[in-house]
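Quick notes on the structure that follows.
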Amino acid sequence: MAMVVELEIFVDNEWVLMGQVEVDATAISRGIKAPGTFSYELNYLDRFGEHLLSHGIYAASVRYPLNFARYVEKEWPAFLLDLIPTGAARANWIKRLEIGDGPEADFVLLSKGLLTRLDISEWQVVSDYSQPIMVIPGSLVKR
27 MAMVVELEIF VDNEWVLMGQ VEVDATAISR GIKAPGTFSY ELNYLDRFGE HLLSHGIYAA
87 SVRYPLNFAR YVEKEWPAFL LDLIPTGAAR ANWIKRLEIG DGPEADFVLL SKGLLTRLDI
147 SEWQVVSDYS QPIMVIPGSL VKR
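Its first residue numbered 27, the sequence shown is counted upward by one per residue in the numbering used here.
See the structure below:
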């Protein structure tokens, strides 16, 4: 049995279903250390097929180029770790959702506590972003 979340990405000025992450439900108490898989949605691959095998803007991350593979990992796909709230945001979501903190909260926070260019489709968008917000790391600091 698996816990499944659907990932959406904001691309071409709209939210598009990108793929699915499955986490082993029997190991959910291990949080991010639980086995997981990632696969792209077939309609997404069809729409952006000219970018197959690329690591660019249409890919979930550099490690998961756009393709038909099902990525199987011993732990959650690493790009999900950047999507889980941390610090004060995590504490706020833990309080708001009235759940205990710890590894078992990771999946709940993943599915409920996001506001990024990559999102979980189960979460309701509360702000209308007409353009994705992107920061190029080199642009933050002038050398």
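Don't be surprised by glycine CBs; every beta carbon is placed ideally from N, CA and C. The model shown is predicted, which means the values in this text are computed figures rather than measured ones.
Cα-Cα separation, residue i to residue j
i      : j      : result
Gln46  : Asp127 : 25 Å
Arg89  : Arg56  : 23 Å
Gly113 : Tyr70  : 33 Å
Val31  : Gly82  : 22 Å
Ile125 : Val134 : 9 Å
Ser80  : Ser87  : 10 Å
Coarse secondary structure for residue i, derived from DSSP in three states
i      : result
Phe64  : strand
Ile35  : strand
Glu148 : With a pLDDT of only 47 at Glu148, under the threshold of 50, the placement of this residue in the model should not be trusted; the figure read from the coordinates follows. Coil, per DSSP.
Leu78  : coil
Glu40  : strand
Gly45  : strand
Glu130 : helix
Met160 : Only weak support exists for where Met160 lies, its pLDDT of 43 falling under 50; the value from the coordinates is given anyway. Coil, per DSSP.
Residue(s) in a DSSP beta bridge with residue i
i     : result
Ser87 : Tyr90
Asp50 : Ala28
Tyr14 : Only positions 27 to 169 of the chain appear in the structure, and residue 14 is not among them; the question remains open.
Residue i, buried or exposed, once every other Cβ within 10 Å from all chains shown has been counted against 16
i     : result
Phe74 : buried
Val49 : buried
Glu40 : exposed
Asp38 : exposed
CB contact below 9 Å: residue i versus chain C
i     : result
Ile83 : The structure shown contains no chain C; it is built from a single protein chain.
Assumed close pair residue i, residue j - CB separation to whole angstroms, cut-off 8 Å
i      : j     : result
Trp102 : Gly62 : 4 Å
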